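Asks: Top line first, the protein sequences correspond to chains A and H.
Residue numbers for the first sequence follow this note's numbering, so the first one is 88 and each next one is one higher.
Residue numbers for the second sequence follow this note's numbering, so the first one is 201 and each next one is one higher.
My questions all concern the structure below.
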Amino acid sequence: MDDLLKEFLAETSEALDLLDSELVELEQRPDDPALLGSIFRVMHTIKGTCGFLGLPRLEAVAHAAEDVLGRVRDGTLILSQDAVSLVLRALDRIKLLVAELGASGGEPEGNDADLIESLSRLANSPTSQSSESTPTKSEKTHDAKPAGKLFDRVGGASAIDAACEMACIDFLSQTKLPGGVESDMLHVQAALTGGLSAAAQAVAGIDIHQVVDCLVENGWADEDLAILKEGLRKALSSFSVGDADIEELLSFVCPTRVTLPQAAPVPVAAHVEDKPEPKAEELAAASHGAASQTQTLRVNISVLEDLMTMVSELVLTRNQLLQILRSYGDSPFAAPLQRLNQVTGDLQESVMMTRMQPIGNAWGKLPRLVRDLSQELNKKIELVMVGAETELDRQILESIRDPLTHMVRNSADHGIETVSERLAAGKPECGTIRLSARHEGGHIVVQISDDGRGLPTARIREKVIASGLATEAQLDAMSEQQIQQFIFRAGLSTASAVTNVSGRGVGMDVVRSNIERIGGVIEFHSEAGVGSRFLIKIPLTLAIVSALIVECAGERFAMPQSSVVELVRISRSSSQSVEEINGRPVYRLRDKLLPLVSLREILDLPSSSGGKIETGDGTYFVVSQVGNFVFGIVVDHIFDAEEIVVKPVSRTMRHIPCFSGTTILGDGQVIMILDPNGLAGSIAGSPHVEAAAPPTVADHHLRARDAVPMLVFQAGTGGPKAVPLSLIARLEEADLSTAEQAGDRTVLQYRGGLMPLIDFDGQPSPRIGKRQILVFVDGGRMLGLVVDKVLDIVEATLNLQLAAGTHPGLLGSAVIAGHSTDVIDTVHYLRRSDADWFEVETEKPYGDDGDCSILLVEDSAFFRNLLMPMLKLAGYHVTVAEHGEAALKICRDGKTFDVIVSDIEMPGLSGFDLARELQRDSQTSGVPLIALSSHASPKDIERAMSQGFSEYVTKLDPKALLTTLSKVLSSEVTKRELAA
Amino acid sequence: MSIATSRDVGAEHGAAAAGLAAEDYVTMKVAGQAFGIPVLLVRDVLGPQRITRVPLAPPEVAGSLNLRGRIVTAIDMRKRLGVPEEGFVSRAMAVVVEHEDEPFSLLVDEVGEVLSVPIAHREVVPATLSENWRSLAEGVYRLDDRLLVVLNIASVLSPVRANA
């Protein structure tokens, strides 16, 4: 297949996809000239190109469709639903032909007479509107001749189009120009058409003279131009255009501007003269006029895939090099390797970007689908799409295309009711299907919702019982939501009748398995009479994922972080241990019973202790969630999390469900990537049962209401120390002899950066021995706090019993896990390592006005002590109130504040009560309120907002508080300035 | 690449059939028996490698190894030939071949020289061999000091590929 044809195929299939949705849009907004213009142009280009390439069937169909569109554009034909359907049919035919062309390299045999017949009947139908054929553009008439404008006299855009096309074909057969002009001629034709139309209408557009200039600079001799003009003349006269008009039009086709009969239109391709060697591309540029020229390049996908593979190799090699470097300490290779490290990282990111595509590409066909369905099913359906520009990996895009289509089809078929049903239910007659996509922390969340009849749980129940998937008793024990998830089970279609549209046996189970195959999860929510909603969460990319490395029976495995809920270690001395029910291990995790499986057993690995769960120095398990099934996977050891490059499993082992891929670790070893879906599937006797409901978000918050997970460790002298876990980014162990001296600090090369290390006394850490390090990360900054030993992670209520002593790094002491424990002041250490840690974005709290005062209402001494120094450091004047009553008193005593930050849960007057009181007082009602809480469910936030808080921040995110403060305050300033 | 190679081999087969040429084989030994693989099919010969066991894989699969960033499936030839030996995998040599665009490494006791053997010395596989061996072997060469069994890569890999 030659390149020209390939290019045509690529361009055309893109254009066709676009046409589909544009036509549907046009049906809704028939009077949008820009939209119509765009559709017409695309159709015309297809027709024109087919003419060049000698594809008569395609050309004929496109031509007939173009005629219809031309009538619509000229305002002589009203675009009825039938007309759109007919044009869509033509489009389908074109698609079919193009597909065939792509497969075989030639047009298939066949006849389109019927279609063309209907199209031309429509195109030639009597004018359906009073022929007000002067488009609005022609109002700016310069030379008012009695018979109307030149543009109209020659027959409008379609005549000029056709003439240029004929002239160009003619020209090709006569020219003596060197070969290879065929492809350029397409651009020439487009440019000529645009130029002549603009000139004839005397409107701004493509400057015909520049086009000619450009041709001359490309080596066109006078005789070439003469041939072209002759061709135009011949073509126009064959359209029975008057000789005078022809001459007038042809007078534009000359290289200089001096002979212009009228002022030149605004030049658009001004760069033509500037370039020393203009090429044919500029003609193309000129033909696109002022339209934005996107700097893109078509690249074959296989090239990108190769690039990706090579970058993956590079990443692995880099990892290996870095690993070797670590064991050498001072090496002359250190600096260049760091550089290599960085460049590789950047390269990897760039290459990943080339694989990203907007999710809208998977949606392109949906508007058409919904339109066709709504007609077929006699319903009124509107498709709303939000976030089409959200980007995700090409590979994932391909995998969700079909599931999405299926779900939208389902919504249209089962979800949305007929018009009469809707009206009877008191809903608007037009149903809405809403498709939205957004990024959410390394994932894409896609939602498909409709406002239809919903899925009655009773019906699912019946079906489930009928198909024997569960007994009535089992169902009784389930929540409504759990029952609803049954729609993802094989062989369950709730459509009462199998329609042409859905219910053909390919059900939601296929959708689910498709989504899960790419590491996504899908949930279904429905409310009878109100609508239903599918929620899909998928990873951004499959190529590189963050994974947890675990060990079992001496073998290492990687486990995708996305499926890891939490890690648990049960030490021997722990009061709770693994219990057994009929030999099956279970564990009481907080207040839920967690079934455990041994990775050793699932993978049939040799076992040293007779199949029993190892309790040497403790049992480690990874809590994983698949769908609604939460279970613990017992492993021997848990290592660090690592970014791994996912490679496909060899075909010989693809049948093993437990593995989703392979990867090579930094030390060069190959390891398998575990697939939690497969693991759950291979658990004996427990298929994907939705038996164990996951702890819902609300549960989590109930628990977290008072308790905060604290990391307890040993450092310095005295008893154990603790720090809120959420402040710590990672725990590391490193040989400090590899650390380096930089100025008066000790630094460690860590994850491509330098991490200062300090000890518990805030001094640069001595560079000896293997030590555990608590890593604090904030944006690009890191700090390692070297500790003697990490003891445990416990949930504890923070009730500081004793005020801080003499040690500057302590906030105070609390009873944690039965011991008196010192809680460290993180801010102190961060300040020690980097004096301006907290002052980057907040050097000036807002505007130029640096003085602003904050009232901090917080009952917990810990948070008071954590937040106050931080706020002070950021330059605010902080007044502290220990409870709501105190806050009110301070306010009523006449002190004014620029902003009040208040905790929600407080004894006595709660944050909500305080907000209400403050709103009531005229003096304080205008002061912005920021809610501070340890939990942030949407419900909490909503409640806070309704009570008068303007912002909501979680307690453990000091940075968010600073950002919010600065945001609130600056908006206050603006408000005040506006008022003034 | 593999397509081109197999075409070359085919061409040589043709020439060999006409009695004009000899064939080149990489020779190797498994449990004392000499085997040969057409030299153009062999990508690499490696010393003992760190091989990661793959749980639940077919018994003939010894695991995966890392060959310059590519993940190669290792086949335990002793198990494949029905002469297993404890501790074999950790000391085995690896002959890397490419089959249907996927790399495989055949673990053998030792790898010998590349032999050019006259096609005239080729014999059919004796019918008395066990069925397993007959399916693996393409032919036998009579050499002066030993018999060289020519392996058919597709058959060697067939039990592990059956799952694919």
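Glycine included, C-beta positions come from ideal geometry on N, C-alpha and C.
These figures come from a predicted structure and were not determined experimentally.
Evaluate contact between the region 738-758 of chain A and the region 672-681 of chain A, counting only Cβ atoms and requiring at least three cross-stretch pairs below 8 Å.
Replies: These segments do not touch.
Asks: The alpha helix (DSSP H) that contains A:ILE203, what's its start and end?
Replies: Element bounds for A:ILE203: 200-210.
Asks: Can you give me the Cβ contacts of A:ARG385 inside the same chain, cut-off strictly under 7 Å, excluding the 5 residues immediately before and after it?
Replies: Cβ neighbours of A:ARG385 beyond the five flanking positions: ALA97.
Asks: With distances taken from CA atoms, which of A:LEU394, A:VAL637, A:GLN663, A:GLU610 is nearest A:VAL651?
Replies: Out of A:LEU394, A:VAL637, A:GLN663, A:GLU610, A:VAL637 has the C-alpha closest to the C-alpha of A:VAL651.
Asks: Under 8 Å Cβ to Cβ from A:ILE520, same chain only, skipping five residues before and after it: list those, please.
Replies: Closer than 8 Å at Cβ, skipping near neighbours: VAL457, ILE468, GLU469, LEU470, VAL471, VAL495, SER498, ALA499, GLY502, ILE503, ILE535, SER536, ASP537.
Asks: Going by alpha carbons, who is nearest to A:GLN569 out of A:ILE552, A:HIS612, A:ILE623, A:SER1020?
Replies: Here the closest residue by C-alpha is A:HIS612.
Asks: Short of 7 Å Cβ to Cβ, which residues in the region 289-317 of chain H face chain A?
Replies: Of all residues in the region 289-317 of chain H, GLU302 have a Cβ within less than 7 Å of some Cβ in chain A.
Asks: Per DSSP, what kind of secondary structure is A:GLN276 in: helix, strand or coil?
Replies: Helix at A:GLN276.
Asks: Give the C-beta separation of A:ARG160 and A:GLU194 to the nearest angstrom, bearing in mind that I take them to be a contact with Cβ-Cβ under 8 Å.
Replies: Not really, about 28 Å apart at Cβ, beyond 8 Å.
Asks: If we define contact as Cβ-Cβ less than 8 Å, is H:ALA257 a contact residue for chain A?
Replies: Closer than 8 Å to some Cβ of chain A, the Cβ of H:ALA257 qualifies, so yes.
Asks: Rounded to whole angstroms, what's the CA-CA distance from H:LEU357 to H:ALA294? Just pull it up for me.
Replies: If you take the alpha carbons of H:LEU357 and H:ALA294, they lie about 15 Å apart.
Asks: Could you check where the alpha helix (DSSP H) with A:CYS301 kicks off and where it finishes?
Replies: From DSSP, the alpha helix (DSSP H) with A:CYS301 extends over 295-304.
Asks: Any beta carbon of chain A sitting closer than 8 Å to that of H:GLY287?
Replies: Not an interface residue.
Asks: A:MET957 bridges to which residues according to DSSP?
Replies: None, per the DSSP bridge assignment.
Asks: At the 8 Å Cβ level, is A:GLN756 part of the contact set with chain H, yes or no?
Replies: Cβ-Cβ to chain H under 8 Å: yes for A:GLN756.
Asks: Between which two residues does the beta strand (DSSP E) holding A:ILE758 run?
Replies: Segment 757-761, the beta strand (DSSP E) holding A:ILE758.
Asks: Please work out which residues of its chain come closer than 6 Å, Cβ to Cβ, to A:PHE127, disregarding the five sequence neighbours upstream and downstream, and give them in chain order.
Replies: Excluding residues within five positions, the ones whose Cβ falls inside 6 Å are LEU156, ARG160.
Asks: Where do the ends of the alpha helix (DSSP H) carrying A:ILE181 lie?
Replies: Unbroken alpha helix (DSSP H) run through A:ILE181: 168-191.
Asks: Please report the Cβ distance between A:VAL617 and A:GLY518, rounded to the nearest whole angstrom; I am assuming they are in contact, meaning their Cβ atoms lie under 8 Å.
Replies: The Cβ separation is near 12 Å, so there is no contact.
Asks: Identify the contact partners of A:ILE743 in chain H, using a Cβ-Cβ distance below 7 Å as the criterion.
Replies: Ordered by position in chain H, the residues that pass the 7 Å Cβ test against A:ILE743 are LEU256, ALA257.
Asks: Taking contact to mean at least 3 C-beta pairs separated by less than 8 Å, is the region 1005-1025 of chain A in contact with the region 976-988 of chain A?
Replies: As far as the Cβ criterion goes, the region 1005-1025 of chain A touches the region 976-988 of chain A, which means the pair count is three or higher.
Asks: Please report the straight-line C-alpha distance between A:ASP754 and A:VAL533, rounded to a whole angstrom.
Replies: Near 38 Å, if we compare the C-alpha coordinates of A:VAL533 and A:ASP754.
Asks: For A:HIS526, count the other beta carbons within 10 Å of its own beta carbon; 16 or more makes it buried, fewer makes it exposed. Which is it?
Replies: A:HIS526 should be labelled exposed.
Asks: Does DSSP put A:LYS624 in a helix, in a strand, or in coil?
Replies: Looking at A:LYS624 - three-state DSSP - the assignment turns out to be strand.
Asks: Using CA atoms only, rank isn't needed, just tell me which of A:HIS131, A:ARG817, A:LEU188 is closest to A:ALA249.
Replies: Checking every option, the nearest Cα to that of A:ALA249 belongs to A:HIS131.
Asks: What is the rounded straight-line gap between the Cα of A:ASP179 and the Cα of A:ASP169?
Replies: Taking the straight line joining both Cα atoms gives about 15 Å.
Asks: Quick one: which residues of the region 345-359 of chain H get their C-beta closer than 7 Å to a C-beta of chain A? List them in chain order.
Replies: Within the region 345-359 of chain H, no residue qualifies.
Asks: Looking only at DSSP bridge pairs, what is A:ARG656 linked to?
Replies: Note: A:ARG656 sits in a beta bridge opposite A:TYR707.
Asks: Could you tell me whether any Cβ in chain H is nearer than 8 Å to the Cβ of A:SER108?
Replies: Cβ-Cβ to chain H under 8 Å: no for A:SER108.
Asks: Using the Cα positions of A:ALA377 and A:GLN261, report the straight-line distance between them to the nearest angstrom.
Replies: At A:ALA377, the pLDDT of 39 sits below 50, so the modelled position is not reliable; the number obtained from the coordinates is stated separately. Straight-line Cα distance between these residues: approximately 32 Å.
Asks: Are H:ALA274 and H:SER305 touching if we call contact CB-CB under 8 Å?
Replies: In contact: H:ALA274 and H:SER305 (Cβ atoms closer than 8 Å).
Asks: Please state the DSSP three-state secondary structure of H:GLU285.
Replies: Coil.
Asks: Could you please give the first and the last residue of the uninterrupted alpha helix (DSSP H) stretch that includes A:GLU476?
Replies: Unbroken run through A:GLU476: none, as it is neither H nor E.
Asks: Expressed to the nearest angstrom, what Euclidean distance is found between the alpha-carbon atoms of A:LEU1001 and A:SER649?
Replies: The alpha-carbon atoms of A:LEU1001 and A:SER649 are separated by roughly 40 Å.
Asks: If you measure from the CB of A:ALA421, is any heavy atom of the ligand PLP nearer than 7 Å?
Replies: Looking for the ligand PLP in the displayed structure turns up nothing, as the structure carries no ligands at all.
Asks: Does the beta carbon of A:LEU692 sit closer than 8 Å to a beta carbon anywhere in chain H?
Replies: Interface residue, yes.
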